[in-house]
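Visitor:
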Amino acid sequence: MTKRKEKKPKRKVAWCEEDEAHRQALINCADEYAKALQELLSIPGTSVIKDVQYGLCLLNQQHKAETWPDRFEPKYNLSVEESPLKESLSAAKKMLEFSDLTTILHHELNYNRYWAINETSKILSKAIGEEYDDTLIQIVDY
């Protein structure tokens with residue numbers, strides 16, 4: 022007796038009406054990220070990539086210390102942040118939230134991974150006022 026492979030449900034490659042609230046959450050998060058970037062850029066001597074990466078690193082260290090307190094000690098008190106660190110952390114938190122929302126698309130809502138990345142990249146590009154690079158769309162066939 023041979024086992025039949027169960028067919029996996031086909032991954033979605035277009036927005037579904039029932040997921041409109043999630044799409045709107047992505048748009049709102051991208052807009053909030055864009056505002057946080059503008060606040061960061063308004064501070065002389067800041068660099069979006071460098072300062073947001075630094076904020077992400079600090080948040081990651083804090084997360085490790087909270088998740089595994091027996092293995093990692095908190096290195097910084099992020100509750101007393103000052104400029105420009107405050108703005109860096111704000112942008113980094115929005116980027117993490119946006120990333121989490123993108124992950125939900127393909128892990129929980131059954132969207133094609135490449136489609137989800139491209140679609141959320143379009144949303145983010147539009148929010149921060151940059152032209153969208155559709156190179157990945159051209160390379161990947163859904």
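Converting from the sequence shown to my numbering requires adding 21 to each position, the first position being numbered 1. Ideal Cβ placement from N, Cα and C applies to all residues, glycine included.
Decide if P65 is buried, meaning its Cβ has at least 16 other Cβ atoms within 10 Å, or exposed.
Guide: By the 10 Å Cβ count, P65 comes out exposed.
Visitor: Taking the alpha carbon of L58 as the point to measure from, which residue in W136, L79, D154 and A148 has its own alpha carbon closest?
Guide: Residue A148 is the option with its Cα nearest to L58.
Visitor: In angstroms, rounded to a whole number, what distance separates the CA positions of L117 and Y75?
Guide: Approximately 13 Å between the Cα atoms of the pair.
Visitor: Quick check: what's the CA-CA separation for Y106 versus K31?
Guide: Strictly speaking, residue 106 in this sequence is Leu, with Tyr absent from that position. If I take the Cα positions, the gap works out to 44 Å.
Visitor: Within this structure, are the beta carbons of L77 and L99 separated by less than 8 Å?
Guide: No, these two residues do not count as a Cβ contact at 8 Å.
Visitor: Go through its chain and collect everything with a Cβ distance to H84's Cβ below 8 Å, but skip five positions before and after it.
Guide: Once the five neighbours on either side are set aside, H84 has no close Cβ partner at all.
Visitor: When the Cβ atoms of the stretch 40-57 are set against those of the stretch 88-103, are three or more pairs found closer than 8 Å?
Guide: With a cut-off of 8 Å, the stretch 88-103 and the stretch 40-57 do not count as touching, because too few Cβ pairs lie within range.
Visitor: Given this structure, state the Cα-to-Cα distance separating S142 from L110, to the nearest angstrom.
Guide: Each residue's Cα considered, the two are about 21 Å apart.
Visitor: If A35 sits next to I144, beta carbons under 8 Å apart, how far is it from one beta carbon to the other, in whole angstroms?
Guide: About 14 Å; that fails the 8 Å criterion.
Visitor: Using DSSP's beta-bridge definition, name the partner residues of Y97.
Guide: Answer by DSSP bridge pairing: none, since Y97 is not bridged.
Visitor: Is it the case that the Cβ atoms of Q82 and K71 are separated by a distance below 8 Å?
Guide: Cβ atoms of Q82 and K71: not closer than 8 Å.
Visitor: Where does A75 sit, in a helix, a strand or coil, going by DSSP?
Guide: The identity of residue 75 in the sequence shown is Tyr, whereas the question assumes Ala. Correct three-state label for Y75: helix.
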